[in-house]
Amino acid sequence: MESKDKNLCEQCGKNPATVFIKRVSQGDEVEFNVCKTCSDELGGMSAPKPQAATDPLTSLFQGMEETGSSGAICAQCGMTYTRVKETGRVGCAHCYTVYKTELETLLRRIHGRIDHRGRLPRREGEAFAKASKIKRLSDELERAVQAEDYERAAGLRDRLKEEGVTEEEGVTGE
């Protein structure tokens, strides 16, 4: 009987547990086994809070967020921004929403930008660079034609030919 209970969802207690969730909150690790339905309801990233006896004030304020960006606490996992900075990790998916402005500032300071540009193998990188150049030239050509700047359009057309784009392929390279 006990092994059967272990295989049931810890959230609803009805369906078989098929998803394993590990939540790290302020340095504490908690593991949950939930069914697909409960995992979807939790957003796949959050886990149910343990049903333990807690201080009445703690349960009253549970789920509330502090005001003020640096003092905010994630309502889902309880992670503070100070802790995010210390560990370099967020506690759950909701932390990205709560600490959006702080994380963007931090990423700009560390990486110089907020979007990720991964590295490509040389062979794929060269092909990607060429495709990007062709796309940029095609877009410029389209804008030049729309602006009726035909001399510039002719120059861009010639540059596209140098890149190996034929007129049959068109400006989009299709």
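When we follow our numbering, the leftmost residue of the sequence shown carries the number 5, and every step to the right adds one. Note that beta-carbon positions come from the ideal geometry of N, C-alpha and C, so glycine has one too.
Do you know how far the Cα of LEU111 is from the Cα of ALA135? 28 Å
How long is the line joining the alpha carbons of HIS115 and ARG123, rounded to whole angstroms? 14 Å
Beta-ladder partner(s) of PHE24, from DSSP: ASN37
Could you give the residue range of the alpha helix (DSSP H) that holds GLN80? Per DSSP, GLN80 belongs to no alpha helix (DSSP H) and is neither H nor E.
Taking DSSP as the reference, what is the three-state secondary structure of LEU12? strand
Check each candidate in VAL23, ASP44, THR101 and name the one with the smallest Cα separation from GLU35. Residue VAL23 is the option with its Cα nearest to GLU35.
With a Cβ-Cβ cutoff of 8 Å, do ALA76 and TYR85 count as a contact? yes
Please return the same chain residues whose Cβ sits closer than 8 Å to the Cβ of LEU164, not counting the five positions on each side in sequence. ILE138, LEU141, SER142, LEU145, VAL175
Cα-Cα separation between ALA51 and GLN15, rounded to whole angstroms: In this prediction, ALA51 has a pLDDT of 43, which is less than 50 and means its spatial position is unreliable; nothing more can be read from the coordinates.
Among residues of its own chain, excluding the 5 on either side of GLU33, which ones have a beta-carbon nearer than 8 Å to its beta-carbon? LYS26, ARG27
For ALA157 and VAL149, which I take to be in contact (beta-carbon distance under 8 Å), what is that distance rounded to the nearest angstrom? The C-beta separation of ALA157 from VAL149 comes to about 5 Å, placing the pair in contact by the 8 Å criterion.
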